[in-house]
Amino acid sequence: MNKLTKTLVTICILGLLVCFLYPLYFQNQQPELSVIYIPKTQDNTNDFWTTLISGTQMAAEEYNVNLTILSPQEETDYKQQNKLILEAAQLKPDALVISPISYTESTALLQEIKETYHIPIVLIDAVVSEPLEDTLIASDNYNAGKTMGEFALNYVQEHSQIGIVAHVPNTSTAMDREKGFRAGLGEMETKVVETVFSYSDFQTAYEVTKDLLTRYPNLSLIAGLNEYSAVGAGNAIKDLGLSGQVRVIGFDNSIAAVRLLEEDIFSGIIIQKPFNMGYLGIETTYQLLTGKKVKSSIDSGTELITREDVYTKEGQQALFSFLRD
Numbered sequence: 001m002n003k004l005t006k007t008l009v010t011i012c013i014l015g016l017l018v019c020f021l022y023p024l025y026f027q028n029q030q031p032e033l034s035v036i037y038i039p040k041t042q043d044n045t046n047d048f049w050t051t052l053i054s055g056t057q058m059a060a061e062e063y064n065v066n067l068t069i070l071s072p073q074e075e076t077d078y079k080q081q082n083k084l085i086l087e088a089a090q091l092k093p094d095a096l097v098i099s100p101i102s103y104t105e106s107t108a109l110l111q112e113i114k115e116t117y118h119i120p121i122v123l124i125d126a127v128v129s130e131p132l133e134d135t136l137i138a139s140d141n142y143n144a145g146k147t148m149g150e151f152a153l154n155y156v157q158e159h160s161q162i163g164i165v166a167h168v169p170n171t172s173t174a175m176d177r178e179k180g181f182r183a184g185l186g187e188m189e190t191k192v193v194e195t196v197f198s199y200s201d202f203q204t205a206y207e208v209t210k211d212l213l214t215r216y217p218n219l220s221l222i223a224g225l226n227e228y229s230a231v232g233a234g235n236a237i238k239d240l241g242l243s244g245q246v247r248v249i250g251f252d253n254s255i256a257a258v259r260l261l262e263e264d265i266f267s268g269i270i271i272q273k274p275f276n277m278g279y280l281g282i283e284t285t286y287q288l289l290t291g292k293k294v295k296s297s298i299d300s301g302t303e304l305i306t307r308e309d310v311y312t313k314e315g316q317q318a319l320f321s322f323l324r325d
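Quick note: the sequence shown uses this note's numbering, first residue 1, plus one each step.
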C-alpha cells in the first residue's frame, strides 16, 4: 500500500468515526427535558403502581429526562391530585404526565392548563371526560373487562349470582372494565346483583366482599376490577372457606394475586403490563417533545392468565415480565 493510499484510507476511517460519533456527541449536548409525572398514588404495598413508576424511572434515565414524581397519598383523592397538577403546571415543565383519578373532576383544570401554559399533556392508565391529552398510554380497559366477562361464562349457570368489586367510582378504568365485563357476560349480565367499591384499599375490599356474601348467600362469582379489589375479595373468600364455591376473577398480577391463583381462590386474572405502561409513557413523552410523530393512543397490553397457565413458560413470561414487545 503506497503512501497516498494509506492517507486516503486514514481519511475514510476518520470520516466514518466522525459520522458515527457526532450524533452521539450531539445527543449528549441536548438540554435535559423536564417532565413531571402525577400518578394516582405511590403505594409500596401495590405492585401495579410500584412497577409502573419503575418503568417511568427507567425510561427517564435512558432518555436523559429530568423526571419529578408528585402524587396524592390516596388513590381516591382527586382534590389533592388537582392541587398537585396545578402546582406542577406553574413550574412550567416541558411536559405533564398524569394518571387522572377522576374521569370528570380534572377535565376543566387540564383544559385551563393547556390554554394558559401550553404544556403538552400525556395521560397514563386513565382518561378524563374530554380528549385533552396529546397522547394516551393505557390498557384497553373495556376489552380487558370483556375478556373477563367471557371467561366468567365458564362458571355462570342458570341460578348463579355475580358480584362486582370495583375500585374507585368515577374513574375511567373502573367504569370501562365494568362495562366490558357486563358486555362479555352477554345475556348472563342479568346475573349481576350488585357493584360495590373498595376505594382502592385492601381491607375495604375484604369487608365489602364479606358484606356482599352476607346479603347474597347464593353468590357464586366475584369480579375484582383492580389489585386492591381482587386481592381483598380473594382473601375474604379464602378466610371464609368458600374456595371452589365462590369463584373469583381478578385484575393485575401482584405477588398476592399470583398466590391466590395458585391456591385456586382465583380462577383467572387479567394482567396488565404496568412496566410497559410507565416506560412507554415517558418514552412517548420524549418523542413528542423532540418533534417525533406519536400515536394518539397506545395500548400497553393485557392478557388473561388462568391457574393452568401459571407454570407454563408462556405464563411465567407474562406474569413476571418487564418490558416486552
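Using N, Cα and C, we set each Cβ at its ideal position, and we do this for glycine too.
Assignment of alpha helix (DSSP H) within the region 49-113, counting only whole runs of 4 or more residues, yields 78-90 in chain order.
Contact between I270 and T147 holds: CB atoms are separated by about 6 Å, below the 8 Å threshold. Using a Cβ distance threshold of 8 Å, R307 and L261 count as a contacting pair. Annotation: Q90 to L240 spans about 51 Å, alpha carbon to alpha carbon. Assignment of D201 by DSSP, reduced to helix, strand and coil, places it in the coil class. With at least 16 other beta carbons inside 10 angstroms of its own, S172 counts as buried. Listed in chain order, the alpha helix (DSSP H) runs fully inside the region 156-241 are 172-185, 202-215 and 227-239, counting runs of at least 4 residues.
Around the Cβ of Y311, a 10 Å sphere holds fewer than 16 other Cβ atoms; the residue is exposed.
In this structure, the alpha-carbon of Q81 lies about 38 Å from that of L153.
For the set V192, E187, D140 and L212, the Cα lying nearest the Cα of S198 is the one of L212. By the neighbour-count criterion, in which a residue is buried when 16 or more other Cβ atoms sit within 10 angstroms of its Cβ, T290 is exposed. The Cβ-Cβ distance between V97 and V128 does not fall below 8 Å.
Cβ neighbours of K238 within its own chain (closer than 6 Å, five residues either side excluded): I265.
Residues Q161, G163, V193 and E194 of the same chain have their beta carbon placed closer than 8 Å to that of Y216, with the five preceding and five following residues left out of the count. Contact between A233 and A256 is ruled out by a C-beta separation of about 12 Å, above the 8 Å threshold. Between the alpha carbons of L109 and K79 lies a distance of about 11 Å. Residues S99 and A138 of the same chain have their beta carbon placed closer than 6 Å to that of D125, with the five preceding and five following residues left out of the count. Here DSSP, grouped into helix, strand and coil, assigns Q287 to helix. About 5 Å separates the Cβ atoms of F251 and N226, confirming a contact at the 8 Å cut-off.
The straight-line gap separating the alpha-carbon atoms of T50 and E303 is approximately 19 Å. Here S296 is exposed: its Cβ has fewer than 16 other Cβ atoms, across all protein chains shown, within 10 Å.
In the DSSP assignment, G149 falls within the alpha helix (DSSP H) that extends over N141 to A152. The Cβ atoms of F48 and Q272 sit closer than 8 Å to each other. Inclusion of L219 and V246 in the CB contact set at 8 Å is warranted, their separation being smaller than that value.
V165 sits close to V208, with the two beta carbons spaced by under 8 Å. Spatial neighbours of Y279 in its own chain (CB-CB distance under 8 Å, excluding positions within 5 residues in sequence) are listed in chain order as G55, T56, M58, A59 and L323.
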